Amino acid sequence: DAGVIQSPRHEVTEMGQEVTLRCKPISGHNSLFWYRQTMMRGLELLIYFNNNVPIDDSGMPEDRFSAKMPNASFSTLKIQPSEPRDSAVYFCASSPGLAGVYEQYFGPGTRLTVT
Amino acid sequence: DQQVKQNSPSLSVQEGRISILNCDYTNSMFDYFLWYKKYPAEGPTFLISISSIKDKNEDGRFTVFLNKSAKHLSLHIVPSQPGDSAVYFCAASARGYGQNFVFGPGTRLSVLP
Numbered sequence: 362d363a364g365v366i367q368s369p370r371h372e373v374t375e376m377g378q379e380v381t382l383r384c385k386p387i388s389g390h391n392s393l394f395w396y397r398q399t400m401m402r403g404l405e406l407l408i409y410f411n412n413n414v415p416i417d418d419s420g421m422p423e424d425r426f427s428a429k430m431p432n433a434s435f436s437t438l439k440i441q442p443s444e445p446r447d448s449a450v451y452f453c454a455s456s457p458g459l460a461g462v463y464e465q466y467f468g469p470g471t472r473l474t475v476t
Numbered sequence: 126d127q128q129v130k131q132n133s134p135s136l137s138v139q140e141g142r143i144s145i146l147n148c149d150y151t152n153s154m155f156d157y158f159l160w161y162k163k164y165p166a167e168g169p170t171f172l173i174s175i176s177s178i179k180d181k182n183e184d185g186r187f188t189v190f191l192n193k194s195a196k197h198l199s200l201h202i203v204p205s206q207p208g209d210s211a212v213y214f215c216a217a218s219a220r221g222y223g224q225n226f227v228f229g230p231g232t233r234l235s236v237l238p
């Protein structure tokens with residue numbers, strides 16, 4: 362079975378540019394999560410979708426960040442405009458049920474570098 | 126306010142010996158706990174879980190112990206192997222409250238050959 366798929370694996374961009382990260386969850390999973398990992402803050406939840414509907418976006422840092430889930434097999438996380446402090450590894454994860462109830466399966470991550 | 130703590134940033138163990146990774150939590154509503162393992166350049170991988178109705182769960186070389194009164198859980202790896210070298214994250218949730226897992230900061234385990 363394919364796991365969670367993320368693209369790109371690495372992204373280097375200049376400050377001010379738009380960045381779009383992509384995620385394909387595991388088929389049949391109805392919850393999808395976007396996380397950001399940094400040395401300072403560890404693994405922090407940005408947003409959580411259930412059945413394609415955003416349930417909790419309280420972790421989204423600011424209006425520069427937006428996430429969509431147009432269907433059950435695809436989600437995007439967009440940063441516009443990007444800033445150097447957005448440099449981090451971004452993980453997408455999916456689970457077969459609600460947040461906090463089932464274990465989550467993580468993708469390999471996208472390492473974002475904003476110069 | 127860190128609700129899930131892993132106070133040892135790193136741990137070194139000799140191959141074949143036991144590795145014990147510790148995790149403490151502060152929220153008494155937490156009733157479900159997970160351990161994840163993470164290799165460099167990969168996402169975290171689910172390892173083992175335990176519900177608060179149990180005090181022990183075993184899966185092969187991995188055993189998780191839960192002490193609810195102390196709000197403490199530990200992951201035991203016996204015997205440790207070099208391939209176990211990774212960062213281990215503890216995560217906790219209160220399942221009835223619709224909130225996501227809270228992750229600890231991780232412990233880097235090095236198993237020395």
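Residue numbers (my numbering), protein chains in the order written: chain A, 362 to 476; chain B, 126 to 238.
Note that CB positions come from ideal geometry on N, CA and C, so glycine has one too.
No experiment lies behind these values; they were computed from the predicted model shown.
Starting from A:Ile416, trace the beta strand (DSSP E) both ways and give me its first and last residue.
Here residue 416 of chain A refers to the residue found at position 55 when the first sequence is read from its first residue. Bounds of the beta strand (DSSP E) holding A:Ile416 are Val414 to Asp417.
For B:Tyr222, does the three-state DSSP call read helix, strand or coil?
For the purposes of this step, residue 222 of chain B is taken as residue 97 along the second sequence, with counting starting at 1. Reduced to three states, the DSSP call for B:Tyr222 is helix.
Mapping the DSSP letters down to three states, classify B:Asp209 as helix, strand or coil.
By 1-based counting over the second sequence, the position of residue 209 of chain B is 84. Residue state, collapsed to three classes: helix.
Taking C-alpha atoms, which residue in A:Pro445, A:Thr476, A:Met376 and A:Cys453 lies nearest to A:Pro369?
On the first sequence, position 8 is the one that residue 369 of chain A refers to. Measuring from the Cα of A:Pro369, the nearest candidate turns out to be A:Cys453.
Proximity winner among A:Phe410, A:Glu444 and A:Ser392, relative to A:Val373 (alpha-carbon distances):
As a working mapping, residue 373 of chain A is identified with position 12 in the first sequence. Minimum Cα distance to A:Val373 is reached at A:Glu444.
Check whether the region 145 to 158 of chain B and the region 208 to 222 of chain B are in contact - that is, three or more C-beta pairs closer than 8 Å.
Because the criterion of three Cβ pairs below 8 Å is met, the region 145 to 158 of chain B and the region 208 to 222 of chain B touch.
Against A:Asp417, what residues of chain B qualify as contacts under a CB-to-CB distance less than 9 Å, listed in chain order?
Within the first sequence, residue 417 of chain A is the residue found at index 56, counting from 1. By Cβ distance, chain B contributes Gly223, Gln224 and Asn225.
Inter-residue spacing [alpha-carbon to alpha-carbon] between A:Cys384 and A:Glu464:
Position 23 of the first sequence, counting from 1, holds the residue named residue 384 of chain A. Position 103 of the first sequence, counting from 1, holds the residue named residue 464 of chain A. The alpha-carbon of A:Cys384 is positioned some 18 Å away from that of A:Glu464.
Going by C-alpha distance, which of B:Val236, B:Val227 and B:Leu237 is nearest B:Asn152?
As a position in the second sequence, residue 152 of chain B is number 27, starting the count at 1. A check of alpha carbon separations from B:Asn152 across B:Val236, B:Val227 and B:Leu237 identifies B:Val227 as the nearest.
Contacting residues, own chain, Cβ-Cβ under 6 Å from A:Ser419 (five flanking each side not counted):
Here residue 419 of chain A refers to the residue found at position 58 when the first sequence is read from its first residue. Cβ neighbours of A:Ser419 beyond the five flanking positions: none.
List the residues of chain B whose Cβ lies closer than 7 Å to the Cβ of A:Ala428, in chain order.
Residue numbering aside, residue 428 of chain A sits at position 67 when the first sequence is read from its first letter. Near A:Ala428 there are no residues of chain B at all, since even the closest Cβ is about 15 Å away, more than 7 Å.
Residues of the region 453 to 466 of chain A with Cβ closer than 8 Å to any Cβ of chain B, in chain order:
Going along the region 453 to 466 of chain A in chain order, one finds Ala454, Leu459, Ala460, Gly461, Val462, Glu464, Gln465 and Tyr466 with a Cβ nearer than 8 Å to chain B.
Count the other CB atoms, across all protein chains shown, that sit within 10 Å of the CB of A:Gln367; report buried if there are 16 or more and exposed otherwise.
Here residue 367 of chain A refers to the residue found at position 6 when the first sequence is read from its first residue. The residue in question, A:Gln367, is buried, as its Cβ has 16 or more Cβ neighbours within 10 Å.
To the nearest angstrom, how far is the alpha carbon of A:Glu375 from that of A:Thr474?
Reading the first sequence from its first residue, position 14 is the one you call residue 375 of chain A. Reading the first sequence from its first residue, position 113 is the one you call residue 474 of chain A. Those two C-alpha atoms are separated by around 8 Å.
Just verifying my parser: in three-state terms, what is the DSSP assignment at A:Arg472?
For the purposes of this step, residue 472 of chain A is identified with residue 111 of the first sequence, where counting begins at 1. Of the three classes helix, strand and coil, the one that applies to A:Arg472 here is strand, per DSSP.
Go through its chain and collect everything with a Cβ distance to B:Ser137's Cβ below 7 Å, but skip five positions before and after it.
Working through the second sequence from its first residue, we reach residue 137 of chain B at position 12. Result list for B:Ser137: Ser235 and Leu237, in chain order.
Flag B:Leu234 as yes if its beta-carbon sits less than 8 Å from any beta-carbon of chain A, otherwise no.
The count along the second sequence starts at 1 and reaches residue 234 of chain B at position 109. No, no contact with chain A.
Straight-line Cα distance separating A:Ile440 from B:Asp180:
Translated into the one-based positions of the second sequence, residue 180 of chain B becomes position 55. Translated into the one-based positions of the first sequence, residue 440 of chain A becomes position 79. When rounded, the distance between both Cα atoms is 43 Å.
Contacts of A:Tyr409 in chain B (Cβ-Cβ under 7 Å):
Position 48 of the first sequence, counted from the start, is the residue given in the question as residue 409 of chain A. What A:Tyr409 touches in chain B: Asn225.
Select from the region 372 to 395 of chain A all residues with a C-beta closer than 9 Å to any C-beta belonging to chain B, and list them in chain order.
So the close ones are Phe394.
Alpha-carbon spacing of A:Asn413 relative to A:Ser392, whole angstroms
The sequence position of residue 413 of chain A within the first sequence is 52, counting from 1. The sequence position of residue 392 of chain A within the first sequence is 31, counting from 1. Their Cα atoms are separated by approximately 8 Å.
Distance, A:Pro431 Cα to B:Lys162 Cα
Numbered from 1 along the second sequence, position 37 holds the residue referred to as residue 162 of chain B. Numbered from 1 along the first sequence, position 70 holds the residue referred to as residue 431 of chain A. Taking the straight line from one Cα to the other gives about 31 Å.
What does B:Leu159 reach in chain A if we use C-beta pairs closer than 8 Å?
Indexing the second sequence from 1 puts residue 159 of chain B at position 34. Those within 8 Å of B:Leu159 in chain A are Glu464.
Inter-residue Cα distance where the pair is B:Gly185 and A:Arg402
Counting from 1 along the second sequence, the entry for residue 185 of chain B is found at position 60. Counting from 1 along the first sequence, the entry for residue 402 of chain A is found at position 41. Cα to Cα, B:Gly185 sits roughly 32 Å from A:Arg402.
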